[in-house]
């Protein structure tokens, strides 16, 4: 729900009364000139004003159309007081507020009054980021059943902001008892101006010879009224491109496709296009850029095994059988290649990472066996990914304020407080990295809310905030709010599943603002929990899960504003679809802090 759905802003104006002097003689009292014998009337029903954003500071005459004694009220030389101003914005528009230059927690409205109260002063520059002429995006303003942001039918950045502003005018005339001051209405429309194209972004593209793919390009800003682009290829013998950006690989090699703005022909960008053989490899889980395109780079958590996923792709050929891969590392001293686990026709490499944040390495993977159709294996180009080690809070959790330290199983070695839930729990010697063990969770008779689907859960219920790292980190109230994290874990099903198995990871606050009065147990608090669900592959190989926020579809999750009280916090593992007696292994959990 948007804050201030109907924006009502009270602007206080001081009403100066007449002051009289004390004592006698010839002394005269102070004359405020706040008096009149004439009633105020209006020549029109309302004042109508239209302003463009980014047109500087504008002054609106609040006395326009007001008459007293047959003359425009603006000609009145005495004091006039305009007060009781109330702003109502249409369509859930939220008036932009600027930062205060004195008190950090305060904001500054774009609307103020002149010192004599006769004018409304509008800072139109304040609307520059709130209005867009051609952006119909609608992602917020309403809420769904879980209290998450949802569309409300109004553009998040509308082309207009429409205000009905009412206020009272007092010229000092005496009014009968109980009679209200005359009220005036100002209808104000703030208009968006055109957002011209300033530059173009384009992403590199890789495709097989004979294949087709659309190159990803966009104008900056993306919401420009004319976001149309034209395309051209530097070498049509390698790749051609049509008017819609559809690239066709015509021969192996590298070339460039240039995207040019129609709105601003001076704005263009060239994207590298690589045309491979009909059979090729790709790193399936490298990081994406702002356009959602793989970058060939990957940030990986420190001091665990990070999963690198390679997958084969074939044009006009069906993948079949087993494929073998060979991995090489530029740095084999600080890093080590661990197990290789089949993942469909591709595989995961468990890359053992050092504790040193910022350490880098370059990995190359080559195809060594498998059915490649008409493409000889020797012509299948290897694939490279550059990795950088980033923080992992499970590797470096800090020091507990409790003398006994944290009682948490950071690395999923089956240490610390006992696991609790509706299953059984044990340590397993089958593991991904050099850790002591992995955690084995075996399903019992528990069922999901539908009463049919098997469900087993596990958590370490440490109620001492100093000994619970999650409470000491996520549960600090305002100090924790907005902190952002990313999660990953290795998973292994010990039996080939018959039904789909999902792994859900939850970060649950026991107390928070707006908690339902009937909240019961952990499930009753899931409404404001961090929730991440992954559907597991039906295999008994190790799988690397990089969790995605269920609510946003992004890898990052931020502690919500409702967690503004100091509270206990718990992480919960929840597995659905795994029948009684079946088990799952969890290992090398990683929590990466994202700097905002």
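Residue numbers (full-length UniProt numbering): 1 to 596.
Even glycine gets a Cβ: it sits at the ideal position worked out from N, Cα and C.
Item to check | residue 470 - DSSP class collapsed to helix/strand/coil | outcome: helix
Item to check | DSSP three-state assignment for residue 499, whether helix, strand or coil | outcome: Residue 499 falls in the coil class under three-state DSSP.
Checklist entry - Alpha carbon to alpha carbon, what distance is there between residue 568 and residue 463? => result 7 Å
Checklist entry - Is DSSP giving residue 73 helix, strand or coil here? => result Helix, per DSSP.
Item to check | From 273, 86, 70, 194, residue whose alpha carbon lies closest to that of residue 133 | outcome: 194
Checklist entry - Where does residue 332 sit, in a helix, a strand or coil, going by DSSP? => result coil
Checklist entry - Which runs of the beta strand (DSSP E) fall wholly inside the region 219-269 and span at least 3 residues, in chain order? => result Complete beta strand (DSSP E) runs here, min 3: 229-233, 239-241, 246-249, 253-261.
Item to check | Chain-order list of residues whose beta-carbon lies under 8 Å from that of residue 294 (same chain, five-residue window excluded) | outcome: 282, 283, 286, 287, 288
Next on the checklist: Just to confirm before moving on: does the CB-CB distance between residue 118 and residue 80 stay below 8 Å?
Outcome noted: yes
Item to check | 7 Å CB neighbourhood of residue 50 in its chain, flanking five on each side removed | outcome: 189, 191
Item to check | Chain-order list of residues whose beta-carbon lies under 7 Å from that of residue 58 (same chain, five-residue window excluded) | outcome: 51, 122, 124
Checklist entry - With 16 other CB atoms within 10 Å as the buried threshold, where does residue 30 fall? => result Any reading at residue 30 must be qualified, since the residue scores a pLDDT of 49, below 50, and its modelled position is unreliable; the value itself is stated next. Residue 30 is exposed by the Cβ-count criterion.
Checklist entry - With DSSP run on the structure shown, which of helix, strand or coil describes residue 523? => result helix
Item to check | Sequence-distant residues of its chain with Cβ nearer than 8 Å to residue 54 (five each side left out) | outcome: 124, 125, 127, 128, 193
Next on the checklist: Quick check on this structure: which residue in 299, 383, 572, 354 has the alpha carbon closest to the alpha carbon of residue 486?
Outcome noted: Ranking the options by Cα distance to residue 486, first place goes to 299.
Next on the checklist: To test your reading of the DSSP string, which unbroken alpha helix (DSSP H) runs of 4 or more residues are found completely within the region 308-385?
Outcome noted: For the region 308-385, not a single whole alpha helix (DSSP H) run of length 4 or above is found.
Checklist entry - Is the region 339-352 touching the region 301-311, taking contact as three or more C-beta pairs under 8 Å? => result yes
Checklist entry - Looking only at its own chain, which residues have a Cβ that is under 7 Å from the Cβ of residue 336, when we skip the five neighbours before and after it? => result 352
Next on the checklist: Can you give me the C-alpha to C-alpha distance between residue 340 and residue 492, rounded to a whole angstrom?
Outcome noted: 13 Å
Checklist entry - Which residue spans inside the region 398-440 form an unbroken beta strand (DSSP E) run of at least 3? => result 419-421, 424-428
Checklist entry - Does DSSP put residue 127 in a helix, a strand or coil? => result helix
Checklist entry - In three-state DSSP terms, what is residue 444? => result coil
Checklist entry - When DSSP labels each residue in this structure, what does residue 299 get in the three-state scheme? => result strand
Checklist entry - To the nearest whole angstrom, what separates the beta carbons of residue 476 and residue 545, a pair I think is in contact under 8 Å? => result That belief does not hold up - the Cβ atoms of residue 476 and residue 545 are roughly 27 Å apart, past 8 Å.
Checklist entry - Just the Cα atoms here: how many angstroms apart are residue 634 and residue 138? => result The structure shown does not extend to residue 634, since the chain is modelled only from 1 to 596, so the question has no answer here.
Checklist entry - Thinking C-alpha only, which one of 76, 496, 260, 186 is nearest residue 538? => result 496
Next on the checklist: If the criterion is Cβ atoms closer than 8 Å, does the pair residue 255 and residue 268 meet it?
Outcome noted: Against a cut-off of 8 Å, the Cβ pair of residue 268 and residue 255 comes out as no contact.
Next on the checklist: I want to know whether the region 367-378 touches the region 319-334 - three or more CB-CB distances under 8 Å.
Outcome noted: The answer is yes - the region 319-334 touches the region 367-378, with three or more Cβ pairs under 8 Å.
Checklist entry - Of all the options 65, 40, 430, 364, which has the alpha carbon lying nearest to the alpha carbon of residue 46? => result If we check each option's Cα against that of residue 46, 65 comes out closest.
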